[in-house]
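K.L.:
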Amino acid sequence: MSALFAFEDVVLELGGRRVLDGVRAELPDEGVTCLVGPSGSGKSTLLRLCNRLEVPTSGVVRFRGVDVAELDPLAHRRQVGMVFQRPTPFPGSVRDNLLVARPAADDDVLAAALERAALPASFLDRVADDLSGGEAQRMCLARTLVTEPEVLLMDEPTSALDPEATKDLERLACQLAGQGVRVVWVSHDPEQVDRIADARFVVEEGRVRRG
């Protein structure tokens, strides 16, 4: 089986600083893979390379064997969705938010995405800005899921959540992995990684090793 993502001598320089320094790693094409390490180590940068939000200075990033530089960015980002560190609701209702990702979707499709993110269909009519932090993050997850991605990139998605909402999102990620969605989760919390990871990689000073 080919790797989900492979990094081949990847270097990334930003603002005159070498953020990633010759990374060689292969992330497995199954389950929940965690990237763990201290703040500023390059974890989130690795994640952003996976769906072309960043482009390496040198080296190659491959998705299932194909150089991501050869892929259409928009099509790739529908296939490889991202959930960011802090929820980012757009103005309007939850329905409006989900339609941003899939404008032609009907309410049945939107409700199914909410259900996968552990929110009831009745949330479609809720005002997005009125949601709690945990609800808003699950709505953002649903907004990503409505495009039916094969992979979820999750960039410290629980950092702004309380412990209960954190555990809820961890369970959801593991459930989605059980349904065949590959999850790559960035965390600085080793205990969280112990709870959810099928595989882990440690990122330190721009380099990566299997944990």
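FYI, the numbering used here numbers position 133 of the sequence shown as 263, with every residue one higher than the one before it.
Every residue gets a Cβ at the ideal spot worked out from N, C-alpha and C, and that includes glycine.
What does DSSP give as the partner residue(s) for M212 in the beta ladder?
P.N.:
Position 82 of the sequence shown, counted from the first residue, corresponds to residue 212. Note: M212 sits in a beta bridge opposite L283.
K.L.:
Whose C-beta lies closer than 8 Å to the C-beta of G263 among residues of the same chain, with five residues either side of it excluded?
P.N.:
Within the sequence shown, numbered from 1, the residue matching residue 263 stands at position 133. Cβ within range, chain order: P217, A290, L291, D292, A295.
K.L.:
CB R256 to CB V224, shorter than 7 Å?
P.N.:
As a working note, residue 256 is residue 126 in the sequence shown. As a working note, residue 224 is residue 94 in the sequence shown. Yes, these two residues count as a Cβ contact at 7 Å.
K.L.:
Can you tell me which of C304, L183, V166 puts its alpha carbon nearest to the alpha carbon of V313?
P.N.:
Counted from its first residue, the sequence shown places residue 313 at position 183. The shortest Cα separation from V313 among C304, L183, V166 belongs to C304.
K.L.:
When the Cα of E300 is compared with those of E143, T163, R147, which residue comes out closest?
P.N.:
Reading the sequence shown from its first residue, position 170 is the one you call residue 300. Considering only alpha carbons, the answer is T163.
K.L.:
Look at V140 and P186 and say whether their C-beta atoms are less than 7 Å apart.
P.N.:
Translated into the one-based positions of the sequence shown, residue 140 becomes position 10. Translated into the one-based positions of the sequence shown, residue 186 becomes position 56. Cβ atoms of V140 and P186: closer than 7 Å.
K.L.:
Kindly indicate which residue of A199, V323, M212 has the alpha-carbon position closest to the one of A272.
P.N.:
Sequence index remark: in the sequence shown, residue 272 carries index 142 (1-based). Closest by alpha carbon: M212.
K.L.:
Sort V166, D159, L134, V276 by Cα distance to R340 and report the nearest one.
P.N.:
Start at 1 with the first residue of the sequence shown, and residue 340 comes out as number 210. The candidate whose alpha carbon is nearest that of R340 is V166.
K.L.:
Can you find the residues in the same chain that come closer than 6 Å, C-beta to C-beta, to G161, ignoring five residues on each side of it along the sequence?
P.N.:
The count along the sequence shown starts at 1 and reaches residue 161 at position 31. Excluding residues within five positions, the ones whose Cβ falls inside 6 Å are A307, D328.
K.L.:
The alpha helix (DSSP H) with G263 in it runs from where to where?
P.N.:
In the sequence shown, residue 263 corresponds to position 133, counting from 1. 263-275 is the span of the alpha helix (DSSP H), which, as asked, contains G263.
K.L.:
Can you grab the Cα-Cα spacing for the pair L204 / R232, in whole Å?
P.N.:
Within the sequence shown, the letter at position 74 stands for residue 204. Within the sequence shown, the letter at position 102 stands for residue 232. Those two C-alpha atoms are separated by around 13 Å.
K.L.:
Quick one: using the 10 Å Cβ neighbour count with 16 as the cut-off for buried, is G336 buried or exposed?
P.N.:
The residue labelled residue 336 in the question sits at position 206 within the sequence shown. Per the 10 Å Cβ criterion, buried.
K.L.:
Considering only the beta carbon of each residue, do P279 and Q209 sit closer than 7 Å?
P.N.:
The residue given as residue 279 occupies position 149 in the sequence shown. The residue given as residue 209 occupies position 79 in the sequence shown. A contact, by the Cβ cut-off of 7 Å.
K.L.:
For the candidate residues H206, P219, F220, E156, whose alpha-carbon lies nearest to that of V190?
P.N.:
Sequence index remark: in the sequence shown, residue 190 carries index 60 (1-based). Out of H206, P219, F220, E156, E156 has the C-alpha closest to the C-alpha of V190.
K.L.:
Does the beta-carbon distance from A247 to R268 come in below 7 Å?
P.N.:
Position 117 of the sequence shown, counted from the start, is the residue given in the question as residue 247. Position 138 of the sequence shown, counted from the start, is the residue given in the question as residue 268. Yes, Cβ-Cβ distance for A247 and R268 is below 7 Å.
K.L.:
Leaving out five residues before and five after A258 in sequence, what residues of the same chain have Cβ atoms less than 6 Å from its Cβ?
P.N.:
The residue labelled residue 258 in the question sits at position 128 within the sequence shown. If we look at A258 and ignore the five residues flanking it on each side, its Cβ neighbours are P219, V224, N227.
K.L.:
Please check the pair A241 and A251, which I expect to be a contact at CB under 8 Å, by giving their CB distance rounded to whole angstroms.
P.N.:
Indexing the sequence shown from 1 puts residue 241 at position 111. Indexing the sequence shown from 1 puts residue 251 at position 121. So it is a contact: roughly 4 Å between Cβ atoms.
K.L.:
At what residues does the beta strand (DSSP E) containing R337 begin and finish?
P.N.:
Position 207 of the sequence shown, counted from the first residue, corresponds to residue 337. First-last of the beta strand (DSSP E) with R337: 337-340.
K.L.:
List the DSSP bridge partners of L179.
P.N.:
In the sequence shown, residue 179 corresponds to position 49, counting from 1. Paired residue(s): none; L179 is not in a bridge.
K.L.:
Determine the closest residue to D159 out of L176, L144, F135, L142, with distance taken between C-alpha atoms.
P.N.:
On the sequence shown, residue 159 is found 29 positions in, with the first residue counted as 1. Taking only the C-alpha atoms, the option nearest D159 is F135.
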